[in-house]
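Enquirer: Okay, here's the structure, questions in a sec.
Protein chains: 2
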Amino acid sequence: MIAFGDRLKSVVDAHGRLCLGIDPHTSLLELWGLSNDAEGARALALRALDAAHGRVGIVKPQAAFFERFGAAGYAALEEVIRTARDGGFLVIADVKRGDIGSTAAAYGEAWLAPGSPLEADAMTAVAYQGLGSLDPVIELALQHGKGVFVLTATSNPEGREVQQSVSGSGRSVAGQLARDVAVRNASARGWGSIGVVIGATEPITASGIDPVLLQHTPVLGPGFGYQGSRLSALDSVYGVASSSVIPTVTRSVLSAGPEGLAAALDAHRAELDA
Amino acid sequence: MIAFGDRLKSVVDAHGRLCLGIDPHTSLLELWGLSNDAEGARALALRALDAAHGRVGIVKPQAAFFERFGAAGYAALEEVIRTARDGGFLVIADVKRGDIGSTAAAYGEAWLAPGSPLEADAMTAVAYQGLGSLDPVIELALQHGKGVFVLTATSNPEGREVQQSVSGSGRSVAGQLARDVAVRNASARGWGSIGVVIGATEPITASGIDPVLLQHTPVLGPGFGYQGSRLSALDSVYGVASSSVIPTVTRSVLSAGPEGLAAALDAHRAELDA
């Protein structure tokens with residue numbers, strides 16, 4: 001079994017580190033001329049995978065936009081994840097799940113257990129109940145070569161009231177969480193399998209996160225291209241951690257419509273290479 | 275349209291305030307002699323609803339235990355929620371979803387929008403990205419007479435590292451969140467429609483939560499009977515907020531097996547009345 005961190009590194013070496021977010025929300029389905037239902041979400045996602053082939057190696061479907069269609073939406077999501085994995089993509093399920101004990105374990109089973117209908121390669125998770133509450137998810141992930149990205153710092157201003165609070169160590173909540181995740185990757189030679197999600201429009205040090213800690217920790221960076229972050233600003237935002245960042249583009253690509261997807265992805269790749 | 279807080283109060287007045295959690299996890303399905311699949315989860319949940327009729331007015335299915343079966347699990351969950359609501363139960367979907375912007379809105383659509391396949395009466399939500407990040411969910415809830423219970427303090431020890439961190443106001447993260455939710459219920463005459471989740475095995479003041487603030491704020495209290503909290507200890511744990519608490523029993527009831535459910539519920543009701 002190959003650890004997720006190593007799988008992620010291989011995919012990045014082969015295809016670059018850009019990640020395509022797949023968020024079939026109402027306004028995009030409308031823009032694409034698709035129905036606002038599970039079939040529309042499925043069609044948008046599969047078309048996005050087509051355009052992504054050979055351009056990116058990592059995709060990140062957002063569960064919320066499928067969940068709103070209930071079981072039918074999840075049937076579409078199952079197909080999207082399966083198609084992506086069969087096509088060689090590494091799939092990060094953006095689900096931001098979190099709970100304790102057997103409930104946390106059940107979320108891990110849902111998204112990471114081999115053979116689960118929704119089996120992805122990694123999932124995002126929330127640690128409002130402490131990083132330790134995610135242990136059942138993390139253990140399951142490590143056991144099966146999967147990854148977990150823990151939501152750490154987000155770029156929305158309301159996030160500060162929790163993330164910038166001061167923990168017992170004197171660090172910010174975000175800074176402490178980043179450090180605790182990094183500790184779990186300490187024995188990895190390259191990237192560990194537990195990542196963080198840090199969406200930043202300003203230097204991450206402003207969130208109390210020490211980028212030096214993150215050199216073995218993959219950093220999922222959402223919202224590039226649309227939410228105000230530029231791919232060309234990676235170094236200034238993430239500092240020495242910038243080489244660990246998987247930047248994600250979503251709306252700036254999907255809003256180019258089915259015919260413009262490939263060109264939008266190519267433009268982002270060029271911006272990242274520059 | 276009747277506000278969720280008022281609907282909740284009516285149900286409590288008619289049936290008492292005990293809530294039955296519905297968590298079809300692997301070991302319970304085994305105990306019940308059911309298959310560990312969507313059909314087993316469905317059978318356990320529907321049987322639990324049968325036993326709950328006339329005994330409790332509120333049920334709380336846990337999405338994780340259905341999500342692990344993918345679309346088939348969600349089809350079962352759709353049926354469980356619909357059956358419960360058709361049977362007059364008030365349904366709180368325990369999903370602990372949270373995100374920002376249009377993604378948060380999509381989670382609200384999924385669980386609270388009238389006509390959604392998974393439409394419940396209320397959902398639980400996580401505010402790691404700040405209470406303001408849940409505004410799209412809260413607005414949708416208020417518009418449709420639905421409720422949102424924001425995860426505030428949890429009884430697992432690892433939760434303290436985030437929930438007991440000190441926010442800019444000098445309050446704990448949990449205390450500040452409880453206060454911010456209470457502010458949103460300030461204009462309610464009885465209960466407001468935005469609740470908090472406070473799982474406590476010790477007085478909630480130890481989490482920095484002022485119970486006086488919560489007199490118009492419904493408090494969902496999970497884990498009674500099994501996780502170490504006794505229904506008879508409501509007053510000592512929640513103080514003056516104890517009259518706002520919806521205590522939830524789950525495993526202590528479900529582990530009584532299909533034949534013992536009703537008696538276990540009756541015993542909890544008696545304990546609560548004592």
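Top to bottom, those sequences are chains A and B.
So the first sequence is numbered by the numbering used here: it starts at 1 and just counts up by one.
So the second sequence is numbered by the numbering used here: it starts at 275 and just counts up by one.
Every residue gets a Cβ at the ideal spot worked out from N, C-alpha and C, and that includes glycine.
Treat the numbers as computed from the prediction; the structure is a model and nothing was measured.
1. If you count every other CB in all the chains shown that lies within 10 Å of the CB of A:E78, and 16 or more means buried, which is it?
2. Kindly indicate the opening and closing residues of the alpha helix (DSSP H) around A:V281.
3. Give a yes or no on whether the C-beta atoms belonging to A:L234 and A:D180 are separated by under 8 angstroms.
4. What are the boundary residues of the beta strand (DSSP E) that includes B:R371?
5. Hey, could you find the ends of the alpha helix (DSSP H) A:T103 is sitting in?
6. Looking at A:L18 and A:H268, is the spacing between their C-beta atoms short of 8 angstroms?
7. If you compare alpha carbons, which of A:F69, A:V150 and A:L261 is closest to A:R251?
8. Identify, in the order they occur along the chain, each residue of the same chain with its Cβ nearer than 8 angstroms to the Cβ of A:L28, setting aside the five sequence neighbours on each side.
9. Using a C-beta cutoff of 8 angstroms, does A:E139 count as contacting chain E?
10. Could you tell me whether the Cβ atoms of B:L488 and B:A460 are closer together than 8 angstroms?
11. Taking a contact to mean a Cβ-Cβ separation below 8 angstroms, would you say B:L364 touches B:G389 in this structure?
12. At what residues does the alpha helix (DSSP H) containing A:V137 begin and finish?
13. In chain order, what residues of the same chain lie with their CB nearer than 7 angstroms to the CB of B:H299, ignoring the 5 residues before and after it?
14. For a quick check, are the C-beta atoms of B:S510 and B:P532 less than 8 angstroms apart?
15. Closer than 7 angstroms, Cβ to any Cβ of chain B: which residues of the stretch 90–111 of chain A, in chain order?
16. Is the CB-CB distance between B:G466 and B:T426 below 8 angstroms?
17. Within 10 angstroms of its Cβ, does A:T123 collect 16 or more other Cβ (buried), or is it exposed?
18. Any beta carbon of chain B sitting closer than 8 angstroms to that of A:A64?
19. Looking only at DSSP bridge pairs, what is B:V440 linked to?
20. Could one say the Cβ of B:V447 lies closer than 8 angstroms to chain A's Cβ atoms, at least one of them?
21. Thinking C-beta only, is A:A188 closer than 8 angstroms to A:I209?
22. Under a CB-based cut-off of 8 angstroms, is B:A391 close to chain A?
23. What does B:N430 touch in chain A if you count any residue whose Cβ is under 8 angstroms from its own?
24. Given a cut-off of 8 angstroms, decide if B:L294 and B:V457 are closer than it, judged by their beta-carbon atoms.
25. Closer than 8 angstroms, Cβ to Cβ, to anything on chain B: give me those residues from the stretch 248–266 of chain A, in chain order.
26. Report the option in B:A378, B:L386, B:D395 and B:R281 whose CA atom is closest to the CA atom of B:Y402.
27. Any beta carbon from chain A within less than 8 angstroms of B:Y512's own beta carbon?
28. Closest to A:Y226 by CA distance: which of A:A3, A:P117, A:R7 and A:D23 is it?
29. If we call anything under 8 angstroms between Cβ atoms a contact, is B:A415 one with B:L386?
30. With a threshold of 8 angstroms between beta-carbons, can B:H299 be considered close to chain A, or not?
31. Which whole-angstrom value is the C-beta distance of A:G37 and A:F69, which I expect to be below 8 angstroms?
32. For B:A337, I'd like the list of residues in its chain whose CB is within less than 8 angstroms of its CB, leaving aside the five on either flank, ordered along the chain.
33. Where does A:I2 land, buried or exposed, given buried means 16+ other C-beta within 10 angstroms?
34. Ends of the beta strand (DSSP E) at A:F149?
35. Would you mind stating whether B:S407 and B:G372 have Cβ atoms separated by less than 8 angstroms?
Expert: According to the structure shown:
1. Residue 78 of chain A sits at position 78 when you count from the first residue of the first sequence. Buried, because 16 or more other Cβ atoms sit within 10 Å of the Cβ of A:E78.
2. In the structure displayed, chain A extends from 1 to 274; residue 281 of chain A sits before or after that span and is not available.
3. Here residue 234 of chain A refers to the residue found at position 234 of the first sequence. Here residue 180 of chain A refers to the residue found at position 180 of the first sequence. Not a contact, by the Cβ cut-off of 8 angstroms.
4. Indexing the second sequence from 1 puts residue 371 of chain B at position 97. B:R371 -> beta strand (DSSP E) spans L364 to R371.
5. To locate residue 103 of chain A, count along the first sequence from 1; it is residue 103. That run of the alpha helix (DSSP H) goes G101 to L112.
6. Translated into positions along the first sequence, residue 268 of chain A becomes position 268. Translated into positions along the first sequence, residue 18 of chain A becomes position 18. Yes, the Cβ-Cβ distance between A:H268 and A:L18 is below 8 angstroms.
7. Position 251 of the first sequence, counted from the first residue, corresponds to residue 251 of chain A. Out of A:F69, A:V150 and A:L261, A:L261 has the C-alpha closest to the C-alpha of A:R251.
8. For this step, residue 28 of chain A is matched to residue 28 along the first sequence. Here the set comprises L44, R251, L254 and S255.
9. The structure shown has no chain E; the protein chains it does contain are A and B.
10. The residue labelled residue 488 of chain B in the question sits at position 214 within the second sequence. The residue labelled residue 460 of chain B in the question sits at position 186 within the second sequence. The answer is no: Cβ separation not under 8 angstroms.
11. Along the second sequence, read from residue 1 onward, the residue named residue 364 of chain B stands at position 90. Along the second sequence, read from residue 1 onward, the residue named residue 389 of chain B stands at position 115. Not a contact, by the Cβ cut-off of 8 angstroms.
12. Taking the first residue of the first sequence as position 1, residue 137 of chain A is located at position 137. That run of the alpha helix (DSSP H) goes D135 to Q143.
13. Translated into the one-based positions of the second sequence, residue 299 of chain B becomes position 25. F339.
14. As a working note, residue 510 of chain B is residue 236 in the second sequence. As a working note, residue 532 of chain B is residue 258 in the second sequence. Not in contact: B:S510 and B:P532 (Cβ atoms no closer than 8 angstroms).
15. K96, G98, D99, I100, S102, T103, A106, Y107, E109 and A110
16. Within the second sequence, numbered from 1, the residue matching residue 466 of chain B stands at position 192. Within the second sequence, numbered from 1, the residue matching residue 426 of chain B stands at position 152. In this structure, B:T426 does not lie closer than 8 angstroms to B:G466 by Cβ.
17. Locating residue 123 of chain A in the first sequence gives position 123, counting from the first residue. It is Met, not Thr, that sits at residue 123 of chain A in the sequence shown. Buried is the call here.
18. Here residue 64 of chain A refers to the residue found at position 64 of the first sequence. Yes, A:A64 counts as interfacial toward chain B.
19. Your numbering for residue 440 of chain B matches position 166 in the second sequence. The partner list for B:V440 (beta bridge, DSSP) reads A:V166 and B:S446.
20. Taking the first residue of the second sequence as 1, we reach residue 447 of chain B at position 173. Output row for B:V447: interface = yes.
21. On the first sequence, position 209 is the one that residue 209 of chain A refers to. On the first sequence, position 188 is the one that residue 188 of chain A refers to. Against a cut-off of 8 angstroms, the Cβ pair of A:A188 and A:I209 comes out as no contact.
22. By one-based count along the second sequence, residue 391 of chain B stands at place 117. The question names Ala, yet the displayed sequence has Pro at residue 391 of chain B. It does; some Cβ of chain A falls within 8 angstroms.
23. Within the second sequence, residue 430 of chain B is the residue found at index 156, counting from 1. Neighbours of B:N430 on chain A, chain order: I100, G101, Q129, G130, G132 and S133.
24. Translated into the one-based positions of the second sequence, residue 457 of chain B becomes position 183. Translated into the one-based positions of the second sequence, residue 294 of chain B becomes position 20. Going by C-beta atoms, B:V457 is not nearer than 8 angstroms to B:L294.
25. none
26. For the purposes of this step, residue 402 of chain B is taken as residue 128 along the second sequence, with counting starting at 1. When each option's Cα is compared against that of B:Y402, the closest is B:A378.
27. Taking the second sequence and counting its residues from 1, one reaches residue 512 of chain B at position 238. It does not; no Cβ of chain A falls within 8 angstroms.
28. By 1-based counting over the first sequence, the position of residue 226 of chain A is 226. A:Y226 has its Cα closest to that of A:D23, out of A:A3, A:P117, A:R7 and A:D23.
29. Taking the second sequence and counting its residues from 1, one reaches residue 415 of chain B at position 141. Taking the second sequence and counting its residues from 1, one reaches residue 386 of chain B at position 112. Result yes, Cβ atoms of B:A415 and B:L386 sit closer than 8 angstroms.
30. What you label residue 299 of chain B is simply residue 25 of the second sequence in a count that begins at 1. Yes - at least one Cβ of chain A is within 8 angstroms of the one on B:H299.
31. Residue 37 of chain A sits at position 37 when you count from the first residue of the first sequence. Residue 69 of chain A sits at position 69 when you count from the first residue of the first sequence. Just to set this straight, residue 37 of chain A is Asp in the shown sequence, not Gly. Going by Cβ atoms, the distance from A:D37 to A:F69 rounds to 6 angstroms, so yes, they are a contact pair.
32. In the second sequence, residue 337 of chain B corresponds to position 63, counting from 1. If we look at B:A337 and ignore the five residues flanking it on each side, its Cβ neighbours are L351, A367, D368 and V369.
33. Taking the first sequence and counting its residues from 1, one reaches residue 2 of chain A at position 2. It is exposed - the Cβ of A:I2 has fewer than 16 other Cβ atoms within 10 Å.
34. Translated into the one-based positions of the first sequence, residue 149 of chain A becomes position 149. Start and end: G147 to A153.
35. Taking the second sequence and counting its residues from 1, one reaches residue 407 of chain B at position 133. Taking the second sequence and counting its residues from 1, one reaches residue 372 of chain B at position 98. Yes, the pair counts as a contact, with Cβ atoms nearer than the cut-off.
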